[in-house]
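Trainee: Going line by line, the protein sequences match chains A and B. Residue 112 in the working numbering sits at position 95 of the first sequence, with consecutive numbering throughout. Residue 274 in the working numbering sits at position 45 of the second sequence, with consecutive numbering throughout. C-beta atoms are modelled at their ideal positions from N, C-alpha and C, and glycine is treated no differently. Once you've had a glance at the structure underneath, I'll fire off some questions.
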Amino acid sequence: EAQVTQNPRYLITVTGKKLTVTCSQNMNHEYMSWYRQDPGLGLRQIYYSMNVEVTDKGDVPEGYKVSRKEKRNFPLILESPSPNQTSLYFCASSIGTGRDTQYFGPGTRLTVL
Amino acid sequence: GNSVTQMEGPVTLSEEAFLTINCTYTATGYPSLFWYVQYPGEGLQLLLKATKADDKGSNKGFEATYRKETTSFHLEKGSVQVSDSAVYFCALNAIQGAQKLVFGQGTRLTINP
């Protein structure tokens, strides 16, 4: 089954404790993105990647890192999480850009205390 | 910059009612327009899309027409069902060669039997 998977689905952590949220897709897509969803704000793009070793900032990249060492994986790294990073995070992938459909993972709900 | 404005929610309707969720956008160039739906506890799924002016996207009884003259992409359905209860997001991608969706804030729809 074609899908985007994320782990963990739920995470509660404390300020300053480094964490990684994994994302993997099995559709051989070139493009991958991370978004955060906050009430009243919709989804905002954090980072995206056009291919292996090629990444770029989205609209809200501060406090986040990403890497793309393999085509299928695109982990999101929070080196020193803060409470304002408490949010619902979605990974997405697409075969191309512009008019192409993005396929979303199930989401990771992160709480930073 | 690019932006999407959606009808404020929540919206509550009775089964078989007519649905309209308004969406207007601001963008440079010729964006592609999307409606995504988020069912409870799930990630976003593409509902429909339109990639050029006057195109009509349709799926599962939902329709939306790309109106360049009014910069709008309103979502409509003639007869809603309880199973349509979800959060609906309007989005655009204005940058060819980049995977950069800009979302509206989302509209929560509840359908009562």
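(1) According to DSSP, what are the bridge partners of A315/B?
(2) Could you list the residues in the region 53-78 of chain A with a C-beta less than 9 Å from some C-beta on chain B, going in chain order?
(3) Taking G80/A as the query, report the chain B residues whose CB atoms sit under 9 Å from its CB, ordered along the chain.
(4) Using a beta-carbon distance cut-off of less than 8 Å, what residues from the region 21-34 of chain A approach chain B?
(5) Opposite F263/B in the DSSP bridges: which residues?
(6) If distances are taken between C-alpha atoms only, which option among G258/B, G272/B, E245/B, T255/B comes closest to T339/B?
(7) Residues in the region 293-306 of chain B with C-beta within 9 Å of chain A's C-beta atoms, listed in sequence order?
(8) Ends of the beta strand (DSSP E) at R53/A?
(9) Cβ atoms of S41/A and Q328/B: under 8 Å apart, would you say?
Mentor: In short, the structure shows the following:
(1) The residue you call residue 315/B lines up with position 86 of the second sequence. A315/B is bridged to L338/B.
(2) Result list: Q54, P56, G57, L58, G59, L60, R61, Q62, Y65, S66, M67, D73, G75, D76.
(3) The residue given as residue 80/A occupies position 63 in the first sequence. Correct list: empty, because the minimum Cβ distance to chain B is about 20 Å.
(4) For chain B, the residues of the region 21-34 of chain A that bring a beta carbon within less than 8 Å of one of its beta carbons are V21, in chain order.
(5) The count along the second sequence starts at 1 and reaches residue 263/B at position 34. Under the DSSP definition of a beta bridge, F263/B partners with K278/B, A320/B.
(6) Start at 1 with the first residue of the second sequence, and residue 339/B comes out as number 110. Of the candidates G258/B, G272/B, E245/B, T255/B, the one whose C-alpha sits nearest the C-alpha of T339/B is E245/B.
(7) The region 293-306 of chain B vs chain A, Cβ under 9 Å: nothing.
(8) Within the first sequence, numbered from 1, the residue matching residue 53/A stands at position 36. 48-55 is the span of the beta strand (DSSP E), which, as asked, contains R53/A.
(9) Taking the first residue of the second sequence as 1, we reach residue 328/B at position 99. Taking the first residue of the first sequence as 1, we reach residue 41/A at position 24. No. Outside cutoff.
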